[in-house]
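Since the structure comes first, as structure tokens, the remarks are kept for the end.
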Amino acid sequence: MNLEDFDYALPPERIAQEPASPRDASRLLVLDRDTGAVRHRGFRDLPDELRERDLLVLNDTRVLPARLIGSKPSGGRVELLLVEAVGGSAGAPHWRCLLGASKKLRPGAVLAFPGGLAAEIVEREMETWIVRLTHPSGDPVGAVVATGAMPLPPYIRREPSDTRTQDDRERYQTVFARRLGAVAAPTAGLHFTPELLARIAERGVDLAWITLHVGPGTFLPVRAQRIEDHRMHEEAYEIPEATAAAIAAARSRGGRVVAAGTTVVRTLETVAARDGVVRAGTGRSALFITPGFRFRAVDAMVTNFHLPRSTLLMLVAAFAGRERVLAAYAQAVREEYRFFSYGDAMFVRSA
413 MNLEDFDYAL
423 PPERIAQEPA
433 SPRDASRLLV
443 LDRDTGAVRH
453 RGFRDLPDEL
463 RERDLLVLND
473 TRVLPARLIG
483 SKPSGGRVEL
493 LLVEAVGGSA
503 GAPHWRCLLG
513 ASKKLRPGAV
523 LAFPGGLAAE
533 IVEREMETWI
543 VRLTHPSGDP
553 VGAVVATGAM
563 PLPPYIRREP
573 SDTRTQDDRE
583 RYQTVFARRL
593 GAVAAPTAGL
603 HFTPELLARI
613 AERGVDLAWI
623 TLHVGPGTFL
633 PVRAQRIEDH
643 RMHEEAYEIP
653 EATAAAIAAA
663 RSRGGRVVAA
673 GTTVVRTLET
683 VAARDGVVRA
693 GTGRSALFIT
703 PGFRFRAVDA
713 MVTNFHLPRS
723 TLLMLVAAFA
733 GRERVLAAYA
743 QAVREEYRFF
753 SYGDAMFVRS
763 A
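And the structure:
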């Protein structure tokens, strides 16, 4: 398929610049993946769309305030975006990162950031750099958490003096964020509140958790004209034993496995066997889901409205059909839904 097959027109004013307040005040477009029928609800109505015996799986990754502004040895400005801890531990001193002004930097150079945080350039790896973080406290990652800025996607505009940047530290994080390591939020999870999760549980829906640390690849455009030529960036995941058991139990009792976000879909479908069995474990996923993909683990999903020509839109199109999804998006535009990370949500349901 061609990249143009996943394009759609979106007025710029439909791109949400701040989240709904409270979180579950977002709107919810309900799309039937079998018929293409659309209904309009509020996100706080999601419990009514779920069924007793269903299982809701959520991503508990926590976003690192990974955007750092500092200075080069020459005194010039430098911007660093931490991407991933080398070795997989968020507490490790060595990090893979993206650097602004990188052409003038050499291994051994030390970049200075507010609060005493420093990053020594170790080496270059293709599009990224390896740096060694240091801080007088001995806890450089703690210093990043205290002083870094949230790595908001580029379509959310913030000036340096924007007072919303402090709010972003809370609102670009799910209420169940636990495991530090993502550089982008699992945005479908941003709509949930503790009260809404309690109502879902009261309905007889079980909750389970996976971790997928969302990387910067989620923001990168697809440049290949044929989508089959695109290659995904790898992201680290973990599926606990309890989650694998909960999925098996939901299957045995006739319940649906409902994924809260495309990150959950990718994680579960990465490990699902031919018979749909999901096994616990850790690994890295570069799964690229496009139309024609056979879903084995997930029966329904909650998701946001995604960018034109994006891998996330392609995943949703694979799940519910390209024509149905694009028709639903066109209706969402007409109905003035809010799009992208801080925008409204869809529930793509199955019978």
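Under my numbering, the letters of the sequence shown match residues 413 to 763, in that order.
C-beta: ideal position from N, C-alpha, C; glycine also.
Residue i classed as buried or exposed, judged by whether at least 16 other C-beta atoms fall within 10 angstroms
{"i": "R474", "result": "buried"}
{"i": "Q637", "result": "exposed"}
{"i": "D687", "result": "exposed"}
{"i": "R435", "result": "buried"}
{"i": "R696", "result": "exposed"}
{"i": "T694", "result": "exposed"}
{"i": "V522", "result": "exposed"}
{"i": "S549", "result": "exposed"}
{"i": "M538", "result": "exposed"}
{"i": "T623", "result": "buried"}
{"i": "P598", "result": "buried"}
Nonlocal neighbours in the same chain, by C-beta distance under 6 Å from residue i, ignoring five residues either side
{"i": "L517", "result": "I533"}
{"i": "T777", "result": "Lying outside 413 to 763, the shown extent of the chain, residue 777 is not represented and no answer is given."}
{"i": "R736", "result": "G448"}
{"i": "H642", "result": "V634 and A636"}
{"i": "L725", "result": "F418 and H718"}
Three-state class that DSSP yields for residue i in the structure shown
{"i": "F700", "result": "coil"}
{"i": "F751", "result": "strand"}
{"i": "H642", "result": "coil"}
{"i": "M538", "result": "coil"}
{"i": "G695", "result": "strand"}
{"i": "V442", "result": "strand"}
{"i": "I533", "result": "strand"}
{"i": "V714", "result": "strand"}
{"i": "T546", "result": "strand"}
{"i": "Y454", "result": "First, the amino acid is wrong: residue 454 is Gly here, not Tyr. In the structure shown, G454 sits in a strand (DSSP, three-state: E or B)."}
{"i": "H506", "result": "strand"}
{"i": "L725", "result": "helix"}
{"i": "E496", "result": "strand"}
{"i": "F525", "result": "coil"}
{"i": "R463", "result": "coil"}
{"i": "A561", "result": "strand"}
{"i": "F731", "result": "helix"}
{"i": "V690", "result": "coil"}
{"i": "V745", "result": "helix"}
{"i": "F418", "result": "helix"}
{"i": "I612", "result": "helix"}
{"i": "I659", "result": "helix"}
{"i": "L517", "result": "coil"}
Rounded C-alpha distance that separates residue i from residue j
{"i": "T605", "j": "G488", "result": "42 Å"}
{"i": "A582", "j": "A672", "result": "It is Glu, not Ala, that sits at residue 582 in the sequence shown. Each residue's alpha carbon lies about 19 Å from the other."}
{"i": "R734", "j": "G482", "result": "44 Å"}
{"i": "V553", "j": "L476", "result": "9 Å"}
{"i": "E650", "j": "V556", "result": "24 Å"}
{"i": "V728", "j": "H547", "result": "43 Å"}
{"i": "K484", "j": "A531", "result": "10 Å"}
{"i": "V677", "j": "P424", "result": "28 Å"}
{"i": "G666", "j": "D466", "result": "8 Å"}
{"i": "D472", "j": "C509", "result": "22 Å"}
{"i": "D756", "j": "L458", "result": "13 Å"}
{"i": "P505", "j": "E535", "result": "14 Å"}
{"i": "T715", "j": "T675", "result": "10 Å"}
Close Cβ partners of residue i (< 8 Å) along its chain, the five nearest in sequence each way excluded
{"i": "D446", "result": "S762 and A763"}
Cβ neighbours of residue i in the same chain (closer than 7 Å, five flanking residues each side left out)
{"i": "Q743", "result": "V450"}
Below-8 Å beta-carbon distance, residue i vs any chain B residue
{"i": "R665", "result": "You won't find chain B in this structure, because it holds only one protein chain."}
Per DSSP, cross-strand counterpart(s) of residue i
{"i": "E491", "result": "I481"}
{"i": "T473", "result": "R591"}
{"i": "E647", "result": "S697"}
{"i": "L619", "result": "L468"}
{"i": "V737", "result": "V737 pairs with nothing; no bridge assigned."}
{"i": "V670", "result": "L468 and A712"}
{"i": "I757", "result": "Here residue 757 is Ala; the residue named in the question, Ile, does not match the sequence. L440 and N716."}
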